[in-house]
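There are 2 protein chains.
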Amino acid sequence: MQKRDDRKQGAENPPKNKNLKKDWRRRMKYCFGVDIGGTTVKMGLFAENGDIRDKWEIVTKTEDEGKAILPDVAAAISGKMEEHHLTKEDIKGIGVGVPAPVTAEGVVNGSANLGWKYKEAKKELEELTGMKATFGNDANVAALGEMWKGGGAGCKNLVMVTLGTGVGGGVIVGGKIVVGQFGAGGEIGHMCVNYHETKQCGCGSYGCLEQYASATGIVRLATEKLESETRSTLLKKEELSAKAVFDAVKEGDEVATEIATEMGEYLGHALANIAAVLDPAIFVIGGGVSKAGDVLLPFIEKPFKDRAFFASQNVKFALATLGNDAGICGAAKMVLGD
Amino acid sequence: MQKRDDRKQGAENPPKNKNLKKDWRRRMKYCFGVDIGGTTVKMGLFAENGDIRDKWEIVTKTEDEGKAILPDVAAAISGKMEEHHLTKEDIKGIGVGVPAPVTAEGVVNGSANLGWKYKEAKKELEELTGMKATFGNDANVAALGEMWKGGGAGCKNLVMVTLGTGVGGGVIVGGKIVVGQFGAGGEIGHMCVNYHETKQCGCGSYGCLEQYASATGIVRLATEKLESETRSTLLKKEELSAKAVFDAVKEGDEVATEIATEMGEYLGHALANIAAVLDPAIFVIGGGVSKAGDVLLPFIEKPFKDRAFFASQNVKFALATLGNDAGICGAAKMVLGD
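Chains as they are written, first to last, in the numbering used here: chain A, 2 to 339; chain B, 2 to 339.
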């Protein structure tokens, strides 16, 4: 047993923050959860019991191939440690989510949103901070966050689907992220759900789930529907959005309900195929589209049940609950482990 | 450190078998790999370095709800231990594959092939033998076997597809079987690949992969094709089989090639969707249909590449190599671990 207090600096300088002062008395360790997005980097300081002690944001500088991003993250962490009188010995590690596939070794082979080309992200941040870093894909990391503290709390086998501008996803098996061989685990948005589609997806393929179930995809379905629609509807061609569609659904609008039904069929069928392969306990639906709330789930669950293998009929569906905090929470959980 | 040799009985009675005698000198431990099928139970004795030391079969007695199966397995193990002068201290455990979903706790909720209803299989076999038992679904266990010693050797992220009477599958992530929440992980045969199908699958759904890519499914595709076919072909309506189709493909038969192309498209597209979710390193194709050999793979790989997300374009394809031994190998590997 180590007898000397390894928080030498802290011992001379206990934190002023009330909660951190308590932690300090209990010799609690910490970790950082970092969620690097194309516009802002969200950051959190977590006590090892999972409580968030601090939360802040910095701007993401994507210019010059995003070369300032990791140094800025390191500087922000260093500043926060100073503010709270924390030393490296107090920190178990830094978890980071990035908008790109990340290999198990923490290597990113390019991120359009950050301007990164090939980057040994883990190695670079560890050299900058002198602390252990763990990297993951942002959608995977958010899934882990929702498993830990969100819509999937209590489940170790979970698939999260993020319905935003695109469709992302994260697969958790036995409490761990399925990274995949090339860091592309959970790219659910690029499952093909329509082999007859003639319009191309952003990825170059045709008929990807993202073309129907993302916010953009829903607007596309709605636009196409309204072109030939003669019934009266609350939807207006010039003001279409996923929100407008689900707001109209809540008002009982028939046309909007049919659009939601079509979107839900593509998504529900894709999730039934995922269930046949992975047999998860729960699907957690997040992203901007999920802000529609509980009205969304039946549109997904019905076609799911119509097509799911009998053993997977009892998979649960839930909405994500952490919102923008899912990323920092999951990033912290990568460090804290089981 | 334990000083006394814990192989007391063995010390007085060294095994006669040459290899086991060597193991005995090296104080090697063993495990049993058991593959319970509807007709026979295949069994293997493995040294902990992975070498197979003995291999035999017993009959599966499915009468009376298959209540004799586990006692027969226990008796066969006990007999083999006596034959080789092994004590319980020499055995690390018993791994068992069964043709049914198995929960992580080793519970089987019924197996049509074995006549079992609800059975706490792990508990029962442990009580019968006094040794640790680990149970898994047979297709999942075979996948683990192929990862360990077969077509997927060297890969920790693998999806195996077994093309037999039906289509089974096993998913391995990070060297471990994905059991799933209800023991139904890897039920790849029941992914829906054709939402317009009007004929029903054995599972009650419509358009399952199994309806096109199993031996039975290939015969169905061939039968339907021949009904309207006017070109000359080596295929005969009354002698159709998956083997006949691929034998004719090898002879350059146009009609057979079109049947294989159709089968391969359904399978390749399903695997592309799996790759988007799991991003495996390799797909291993096994089961009776895979005996067609290397001629089979291009029919699957081409449609796969046409539809796979760009990050998964480099997934490898391989044929299974262990044949009937995949089950006992995988079962042993469950016991031996990483």
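Built from N, CA and C at the ideal position, the CB exists for glycine as well.
Since the structure is predicted, the reported quantities are computational estimates derived from the model, not experimental observations.
B/Val97 - DSSP class collapsed to helix/strand/coil: strand
Would the beta-carbon of A/Ile189 be found less than 6 Å away from any heavy atom of the ligand ZN? With respect to the ligand ZN, the structure offers nothing, as it holds no ligand at all.
Do you know offhand how far A/Ala214's Cα is from A/Lys237's? 20 Å
Check the DSSP bridge columns for B/Lys23 and list the partner residues they point to. Paired residue(s): none; B/Lys23 is not in a bridge.
Can you find a CB in chain A that lies within less than 7 Å of the CB of B/Glu49? By this cut-off, B/Glu49 is not an interface position.
Which value, in whole angstroms, describes the spacing of the CA atoms of A/Val179 and B/Glu128? The alpha-carbon atoms of A/Val179 and B/Glu128 are separated by roughly 35 Å.
I'd like to know if A/Ser313 contacts chain B, where contact means its C-beta is closer than 7 Å to some C-beta of that chain. yes
What residues from chain A crowd round B/Phe183, counting only those whose CB sits closer than 8 Å? Within 8 Å Cβ-Cβ: Asp280, Ala312, Ser313, Asn315.
Straight-line CA distance for A/Lys120 to A/Lys68? Their Cα atoms are separated by approximately 10 Å.
Continuous alpha helix (DSSP H) stretch holding B/Val246: start and end: In this chain, the alpha helix (DSSP H) harbouring B/Val246 covers 243-251.
Inter-residue spacing [alpha-carbon to alpha-carbon] between B/Val194 and A/Ala113: 32 Å
Taking CB distances under 7 Å as the criterion, tell me whether A/Ile70 reaches chain B. no
Beta carbons nearer than 7 Å to chain B: which residues of the region 130-143 of chain A have them? none
Can you tell me the Cα-Cα spacing of A/Tyr267 and B/Lys226, whole angstroms? 30 Å
With three or more C-beta pairs closer than 8 Å as the rule, is the region 315-323 of chain B touching the region 187-204 of chain B? no
Quick one: list the residues of chain B neighbouring A/Val174, beta-carbon separation under 8 Å, in chain order. Val174, Val179
For A/Lys244, which residues from the same chain have a beta carbon less than 6 Å from its beta carbon, with the 5 sequence-adjacent residues on both sides left out? none
Rounded C-beta distance between B/Val162 and B/Val168? I'm assuming under 8 Å. 7 Å
For B/Gly176 versus B/Phe136, is the C-beta distance shorter than 7 Å? no
With B/Thr41 as the anchor, note down where its beta strand (DSSP E) starts and where it stops. 41-48
Are the C-beta of B/Asn158 and some C-beta of chain A separated by less than 7 Å? yes
Would you list, in sequence order, the uninterrupted beta strand (DSSP E) runs of no fewer than 3 residues that lie entirely inside the region 107-174 of chain A? 109-112, 117-120, 134-138, 159-164, 168-174
Between the C-alpha atoms of B/Leu164 and B/Gly253, what's the straight-line distance to the nearest angstrom? 23 Å
Scan the region 180-232 of chain A and note each continuous alpha helix (DSSP H) run of 4 residues or more that stays entirely inside, going in chain order. 211-214, 216-228
Excluding the five sequence neighbours on either side, which residues of its own chain have a C-beta within less than 8 Å of the C-beta of B/Thr262, listed in chain order? Phe300
For B/Gly186 and chain A, any beta-carbon pair shorter than 7 Å? yes
Do the region 48-66 of chain B and the region 97-104 of chain B make contact, defined as three or more Cβ pairs closer than 8 Å? The region 97-104 of chain B and the region 48-66 of chain B do not touch, with fewer than three beta-carbon pairs separated by less than 8 Å.
Rank B/Arg54, B/Val35, B/Arg28 by C-alpha distance to the C-alpha of B/Lys19 and give the top, closest one. Answer by Cα proximity: B/Arg54.
Taking the straight line between their C-alpha atoms, what separation do you get for A/Trp149 and B/Ala333? Going by the C-alpha atoms only, they are around 33 Å apart.
If you measure beta-carbon to beta-carbon, which residues of the region 101-117 of chain A are closer than 7 Å to chain B? Pro102
B/Trp57 to B/Asp326 span [Cα, whole Å]: Going from the Cα of B/Trp57 to the Cα of B/Asp326 covers about 11 Å.
The region 68-78 of chain B / the region 36-45 of chain B touching (three or more Cβ pairs under 8 Å): yes
Cβ of B/His191 less than 7 Å from any chain A Cβ? Residue-level contact by beta carbon holds for B/His191 and chain A, with a gap shorter than 7 Å.
Verify whether the separation of the beta carbon atoms of B/Val316 and B/Ala276 is less than 7 Å. Yes, they are a contact pair.
Among the residues of its own chain, which have a CB less than 7 Å from the CB of A/Pro281, if the five just before and after it don't count? Asn158, Leu159, Val160, Val316
If you draw a straight line from the alpha carbon of A/Gly152 to that of B/Gly111, how long is it in whole angstroms? Separation of A/Gly152 and B/Gly111 (C-alpha to C-alpha, rounded to the nearest whole angstrom) is 32 Å.
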